[in-house]
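Read through the structure below, which is laid out as structure tokens, and then see the notes.
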Amino acid sequence: MTTPSAPLRPGRPVIVVMGVSAAGKTSVGRALAERLALEFRDADDLHPDENVAKMTAGVPLTDVDRWPWLDRVGRALAAGAASGDGVVMACSALTSAYRFVLRHWSPDTVFVHLTAPRGVLEARMAGRSDHFMPSSLLDSQLATLEPLGDDEVGLTIDVTPTIDRIVDETVTALAALAPASRAPVRADARRLAPG
Numbered sequence: 000m001t002t003p004s005a006p007l008r009p010g011r012p013v014i015v016v017m018g019v020s021a022a023g024k025t026s027v028g029r030a031l032a033e034r035l036a037l038e039f040r041d042a043d044d045l046h047p048d049e050n051v052a053k054m055t056a057g058v059p060l061t062d063v064d065r066w067p068w069l070d071r072v073g074r075a076l077a078a079g080a081a082s083g084d085g086v087v088m089a090c091s092a093l094t095s096a097y098r099f100v101l102r103h104w105s106p107d108t109v110f111v112h113l114t115a116p117r118g119v120l121e122a123r124m125a126g127r128s129d130h131f132m133p134s135s136l137l138d139s140q141l142a143t144l145e146p147l148g149d150d151e152v153g154l155t156i157d158v159t160p161t162i163d164r165i166v167d168e169t170v171t172a173l174a175a176l177a178p179a180s181r182a183p184v185r186a187d188a189r190r191l192a193p194g
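Okay, so the sequence shown: first residue is 0 according to numbering that gives the first Met the number 0, each after it adds one.
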């Protein structure tokens, strides 16, 4: 877990579930959003067609490709913050510079970095057919990935357990980031089916 330099802010949280492809961002993000009764968004849905075409062809994106997309993601986070409703966004957010852009739009964003051993990621990528990201881009993503810094509010979660356990651990860790002077991030009382 990353030690934050600042606690979560009051209100409904804005959470970015981040990590490389096949870390489980969408699955964990959806389950976390359901548990916290927040809207779920997937940053993959905000990629322009040109980016999707490049990735489908196995061509890594450049920063020139990413900046407009990150601005779209940041605006969606800002909308969740401004509405007071909060949001959970699945987004790779691989570098501190990319996360800085997201925090520019939504300064109180908390990051949940999903990690898994390389073999787990490779097996997950090989087992899915419904995603545009080919397994050949995993090396590029792992090389680009920068862990959360001390100046970034967030936590790192191992995603080898079940989704239910991952969400339990995430909600507990998020609650620990909330100051004692106000209500912590609260989970729905229902438990999700093991995933």
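The C-beta atom is built at its ideal place from N, Cα and C for all residues, glycine as well.
Bridge partners - residue i, DSSP secondary structure assignment
i	result
R40	M88
G153	F110
Cα-Cα separation between residue i and residue j, rounded to whole angstroms
i	j	result
R117	T169	21 Å
T94	D48	22 Å
A56	A177	43 Å
T159	A115	6 Å
V100	L76	11 Å
T161	S26	11 Å
L200	D167	The chain is shown from 0 up to 194; residue 200 falls before or after that span and cannot be answered.
T108	P12	7 Å
C90	L113	11 Å
Exposed unless 16 or more other CB atoms sit within 10 angstroms - verdict on residue i
i	result
A122	exposed
R98	buried
V63	exposed
R74	exposed
G23	buried
>> Quick check on the DSSP output: what are the complete alpha helix (DSSP H) runs of length 4 or more inside the segment 12 to 41, in order along the chain?
In response: 24 to 35
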